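So my numbering is basically just the index in the sequence shown, starting at one, shifted up by 3. Working notes, structure below.
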Amino acid sequence: MHVTHKSIGDINAMKTPRKKKNATKPVYSVNPEKLIFRDLLAADRTTLANERTFLAYIRTSLAFIAAGFSLISFTEGILFISLGFILIPIGLVILALGIYRFFKIRKVTRDISHEYDIDGTLTINFDEEKDNE
């Protein structure tokens with residue numbers, strides 16, 4: 004089922020199946036001017052959850068890297084030293100994955116967060132990245 008801002012509220016438009024195309028499209032598209040207050044709050048929660056998840060990725064990667072350096076520095080067994088050399092790249096991979104996911108989700112959600120007020124009027128945009136575009 005493909006829902007657009009034109010078909011929201013139109014039950015018949017949602018019941019009719021659409022032809023499948025080769026290009027993948029999002030499940031639904033959002034017209035920010037038609038969002039209600041609850042939707043704006045949900046967008047804010049999604050943005051905050053994305054930032055919180057990104058910080059968890061950073062925390063986890065730092066723990067892996069610190070554990071790797073600790074095993075290399077403070078142990079003498081070859082098994083622990085090799086484990087330390089394995090943990091450092093794993094921490095870097097976790098960090099790279101976190102950065103990738105953060106910007107991927109941010110790209111999807113930034114269009115609807117804090118651009119429109121409750122009544123649909125455009126408000127001041129504090130996102131510097133969008134101002135530079």
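Built from N, CA and C at the ideal position, the CB exists for glycine as well. The structure displayed is predicted, hence computed values, not measured ones.
- In the structure shown, Gly80 falls within a coil segment according to DSSP collapsed to helix, strand and coil.
- Note that the C-beta distance between Leu74 and Leu86 is below 8 Å.
- Measuring C-alpha to C-alpha distances from Leu58 to each of Arg109, Ile102, Arg113, Ile91 identifies Ile102 as the nearest.
- Separation of the CB atoms of Gly71 and Leu98 is rounded to 13 Å, and the pair is thereby denied contact status at 8 Å.
- Ile108 sits close to Asn53, with the two beta carbons spaced by under 8 Å.
- Rounded to the nearest whole angstrom, the C-alpha separation of Phe105 and Val111 is 10 Å.
- Separation of Ile84 and Ala45 (C-alpha to C-alpha, rounded to the nearest whole angstrom) is 46 Å.
- Phe40 counts as exposed, since fewer than 16 other C-beta atoms from the protein chains shown sit within 10 angstroms of its C-beta.
- A straight line joining the alpha-carbon of Phe77 with that of Leu95 spans about 21 Å.
- Of the candidates Leu51, Thr50, Ile61, Ile61 places its Cα closest to the Cα of Leu100.
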